[in-house]
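What follows is a short report on a single structure.
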Amino acid sequence: MKPVDFQLHRPQTLAETLTLLHDLADDVKVLAGGQSLLPLLNFRLARPAHVVDIGRVVGLARLRRTSSELSIGATVRHAEAERSPSVAAHAPLLTAALPQIAHPPVRTRGTVGGSLAHADPAAELPSVAMALDAVFVAASTSGERTIPAAEFFRTHLTTALRPDELLTEIRFPRAAPGTGAAFLEVGRRRGDFALVGAAVQVTVDGPRIAEARVCLSGVGQIPHRCPAAEEILTGAPLGSARVREAADAVRDSVRPSDDLHATAAYRKDVAGTLLVRAVTKAARRAESADRKDET
1 MKPVDFQLHR
11 PQTLAETLTL
21 LHDLADDVKV
31 LAGGQSLLPL
41 LNFRLARPAH
51 VVDIGRVVGL
61 ARLRRTSSEL
71 SIGATVRHAE
81 AERSPSVAAH
91 APLLTAALPQ
101 IAHPPVRTRG
111 TVGGSLAHAD
121 PAAELPSVAM
131 ALDAVFVAAS
141 TSGERTIPAA
151 EFFRTHLTTA
161 LRPDELLTEI
171 RFPRAAPGTG
181 AAFLEVGRRR
191 GDFALVGAAV
201 QVTVDGPRIA
211 EARVCLSGVG
221 QIPHRCPAAE
231 EILTGAPLGS
241 ARVREAADAV
251 RDSVRPSDDL
261 HATAAYRKDV
271 AGTLLVRAVT
281 KAARRAESAD
291 RKDET
């Protein structure tokens, strides 16, 4: 199929973009890399009268780091973030998740901001943002505001962004020394949207886990942060049986639905299994990072 007719706008500046969104807010879609929007347009699941292409907007493709955070502009490509040493050093969970997104051609075009604004709960980056307590920066002609990840994702494909707002950057807190991460998922085939995914980041202090962050994808209408599992893991000796308790906490807390691809019972079971594997992998990486920090 082909999209319905629409008017394409290609602003060069952020101010021009925000003016367009303000004036066209009732019937406009934002185009970044196009990997989420273009299929919706082609299948006529989205029928906007206007499309604003932000690919040329100056300043949205910047990747910056400070002593406390990593800032990723909305139009930074998946592939660029995947290769970035700054991302690997500051947000190892993001580095672990990016290679899981679809296929290399998609990651070459797709953007970090586009994936997050699309807000598919089965996608990788929303669960990473939720696990890391990322902060979203939204701009409009009225000014700028920040939205915590816990408040950004409202429901399936729906965020806290207002129609006249543009997501301009995402801020991730810098990982502490001795931090390791893992992102594991199960799908029907490589590159498909995952049936279930597990985003885990742990920080170790000697032989114990000092902090754990756990978020699941594909088990609800938004990414599922699991504080119960995090509490069980925090303070646990590395390699202890408490990881199994955390897996049980995950299974007890998720509320997936049956669909054409998998049953709810299957998703619950897989969520717990992935949690065990992801914690084990993340802890191993954290131990290695901790040893490097000591040398």
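Take the sequence shown: its position 64, counted from the start at 1, is 64 in full-length UniProt numbering, and no numbers get skipped. The beta-carbon is built from N, C-alpha and C at its ideal position, and this holds for glycine as well.
The Cβ atoms of Leu60 and Ala46 lie no closer than 8 Å to each other. One Cα belongs to Gln7, the other to Asp23, and the distance between them is close to 14 Å. Taken atom to atom, the span from the alpha-carbon of Ala175 to that of Val128 is near 13 Å.
Taking each of Pro3, Gly114, Ala49 in turn and checking the Cα distance to His9, the smallest one comes out for Ala49.
Considering only Ala74, Glu69, Thr66, Val51, the residue with the shortest C-alpha distance to Val58 is Ala74. Two segments are said to touch when three or more pairs of C-beta atoms, one from each, lie closer than 8 Å; by this definition the region 141 to 151 does not touch the region 176 to 185.
When secondary structure is reduced to three states using DSSP, Lys2 falls in the coil class, being assigned neither helix nor strand. Considered as a whole, the region 221 to 290 harbours 227 to 233, 242 to 253 as its complete alpha helix (DSSP H) runs of no fewer than 4 residues, in chain order. With 16 or more other Cβ atoms from the protein chains shown falling within 10 Å of its own Cβ, Ser217 counts as buried. Scanning the region 43 to 91 from its first residue to its last, the whole alpha helix (DSSP H) runs of 4-plus residues come out as 78 to 83, 85 to 90.
In the three-state DSSP reduction, Phe172 falls in the strand class (E or B).
Taken through DSSP and simplified to helix, strand or coil, Ala102 comes out as coil. With the rule of 3 Cβ pairs closer than 8 Å, the region 160 to 178 does not count as touching the region 234 to 252. In this structure Pro256 does not touch Arg244 by the C-beta definition: roughly 20 Å separates them, more than the 8 Å allowed. DSSP places Arg145 within a strand segment (E or B) once states are collapsed to three. Each residue's CA atom was taken as its position, placing Leu98 and Val4 some 32 Å apart. Apart from sequence neighbours up to five positions away, the residues of its chain that approach Val28 with a beta-carbon distance below 8 Å are Leu20, Leu21, Pro48, Ala49, His50, Val51, Val52, Pro163, ordered along the chain. In this structure, the alpha-carbon of Ala117 lies about 20 Å from that of Thr13. If you look at Thr17, you'll find it in the alpha helix (DSSP H) that goes 14 to 24. The region 224 to 236 makes contact with the region 202 to 216; the number of CB pairs closer than 8 Å reaches 3 or more.
About 5 Å separates the CB atoms of His103 and Gly191; that is less than 8 Å, so the two are in contact. One Cα belongs to Pro121, the other to Ala289, and the distance between them is close to 30 Å. Taking one beta carbon from each stretch, the region 152 to 161 and the region 123 to 142 have 3 or more pairs nearer than 8 Å; the two touch. In this structure, Leu63 lies away from Ala91, with their beta-carbon atoms at least 8 Å apart. For Glu124, the secondary structure class from DSSP, reduced to helix, strand or coil, is helix.
In the three-state scheme derived from DSSP, where H, G and I count as helix and E and B as strand, Phe152 is classed as helix. Its Cα nearest to that of Leu40, the residue Met1 stands out among Asp26, Met1, Leu275. Cβ neighbours of Arg285 within its own chain (closer than 8 Å, five residues either side excluded): Pro92, Gly180, Ala181, Ala182.
Put simply, the backbone Cα of Arg242 is about 46 Å away from that of Gly55.
Taken through DSSP and simplified to helix, strand or coil, Ser115 comes out as helix.
Measuring C-alpha to C-alpha distances from Val200 to each of Leu260, Val276, Arg189, Ala262 identifies Val276 as the nearest.
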